[in-house]
């Protein structure tokens with residue numbers, strides 16, 4: 034009796050274990066339904082029964098992970114809420130790379146139409162190769178999906194320092210005008226040196242930009258007989274120094290401030306002068322300043338000033354007649370108005386145009402041996418003051434890398450008297466230290482008296498063609 038009861042008890046346990054085992058096997062073949070839109074995006078065919086999705090039974094020896102699964106590094110967006118098992122992916126709750134956030138590895142740009150169709154190279158009639166073909170197709174679909182996602186949603190893609198591309202190389206071009214060659218070389222950067230230099234740098238903004246030009250040239254000059262500072266035609270030597278300081282508008286976009294100081298001296302031989310072995314064909318010290326506050330876009334409310342005189346005494350040939358000296362003449366001008374400032378994007382063309390409806394102009398002659406009437410000053414006086422209007426236009430044009438054209442036009446009138454200056458300079462740079470320059474200065478002064486024996490009256494002209502040394506320094 035005890036043996037019979039023991040046999041029945043063992044049979045009942047065996048039946049329950051068999052039922053549990055069969056139930057677990059059945060449940061292992063059924064999973065939650067996949068999202069049809071995701072399946073369509075991945076190129077996986079959707080079963081007719083939309084309620085359940087089953088893995089295909091590959092028969093005995095089927096490996097859920099597949100022989101190529103360790104080569105897959107594809108992912109799908111974070112928008113997928115939870116793990117959805119698909120073909121050839123293991124049904125597990127462990128992390129799977131195909132459903133992790135997208136991490137950048139590389140982007141491959143491919144044409145939508147390609148003459149090469151890879152499908153024909155993997156087609157086979159051997160059933161044993163079907164698994165390999167399916168695995169390759171699946172990997173290719175995931176790769177295309179990831180590539181499209183990284184291009185369309187670049188801000189959502191994370192980066193890995195190990196897969197980032199190398200930084201672009203830097204090159205520097207060296208121009209040698211003497212040989213008509215351009216040499217391009219790579220800039221070699223040492224990361225350790227950069228880090229050490231960056232740690233010791235104390236970078237400060239440059240609020241003021243400086244430009245210095247120095248020229249020493251030999252020239253041929255022509256001066257009209259009535260030139261207001263005097264001079265003769267001759268071969269001479271010219272020294273020209275120009276210093277420009279302006280406010281950096283990158284840090285002060287609503288302000289404009291610029292000052293230019295220039296000194297030009299031309300000394301020439303005087304073989305026809307029995308009293309002196311040299312003469313001065315030009316001696317000019319000039320200062321120009323502009324300050325403004327932005328009104329709108331390229332326009333500024335501005336105030337400008339200019340002053341010019343000469344330092345050395347200049348005599349007429351073979352006489353002791355003084356033509357010019359320090360502060361004889363001297364000119365001072367103030368103006369209040371508006372200034373238009375424009376620079377093209379390539380910074381090859383710049384123009385400043387100032388209009389001052391209210392302007393003050395003063396002429397000075399302080400030397401007792403000078404005839405003040407030749408400068409429009411009444412006899413017996415040393416100064417004359419005039420109130421009127423003025424206009425000034427300054428232009429710089431870099432025609433080519435070695436050709437620069439500078440022009441300045443100034444006009445003042447008190448509505449009875451008119452004075453204007455138009456200076457033009459074309460500079461041809463042969464190299465860094467040699468240049469050729471053409472300088473033309475036209476002047477109109479309605480108060481200038483007629484010169485005896487000459488057709489020149491109110492118009493005056495100076496032209497200089499020179500060749501020599503030059504040097505330029507800039508803060509940027």
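Numbering (this note's numbering), first residue to last: 34 to 509. Glycine residues also receive a C-beta, built at the ideal position from the N, C-alpha and C atoms. This structure is a prediction, so every number in the text was calculated from the model and none was measured.
Taken through DSSP and simplified to helix, strand or coil, residue 345 comes out as coil. With respect to residue 359, residue 331 sits apart: the two C-beta atoms are not nearer than 9 Å.
For residue 414, the three-state secondary structure derived from DSSP is coil. Secondary structure of residue 213 (DSSP, three-state): coil. Where residue 294 is concerned, the enclosing beta strand (DSSP E) starts and stops at 288-302.
Close CB contacts of residue 305 within its chain, under the 7 Å cut and outside five residues either way in sequence, are with 350 (chain order). Taking C-beta atoms under 8 Å as the contact rule, residue 397 and residue 362 qualify, at a distance of about 6 Å.
A direct Cα-to-Cα measurement between residue 444 and residue 464 gives close to 35 Å. Residue 471 carries a strand assignment under DSSP once its states are collapsed to helix, strand and coil.
Residue 271 is positioned such that its CB atom lies no closer than 9 Å to that of residue 237. Spanning the alpha carbons of residue 371 and residue 250 requires a straight line of approximately 37 Å.
In the three-state scheme derived from DSSP, where H, G and I count as helix and E and B as strand, residue 221 is classed as coil. Straight-line spacing of the CA atoms in residue 379 and residue 415 works out to 48 Å. Comparing alpha carbon positions, the residue from 257, 325, 480 closest to residue 290 is 325.
A straight line joining the alpha-carbon of residue 368 with that of residue 321 spans about 12 Å. Residues of the same chain with a CB within less than 6 Å of the CB of residue 479, apart from the 5 flanking positions on each side, are 450, 451, 491 in chain order.
Residue 255 and residue 475 have their C-alpha atoms spaced approximately 12 Å apart. Straight across, the Cα-Cα distance linking residue 494 with residue 257 is about 6 Å. CA-CA distance, residue 228 to residue 172, rounds to 43 Å.
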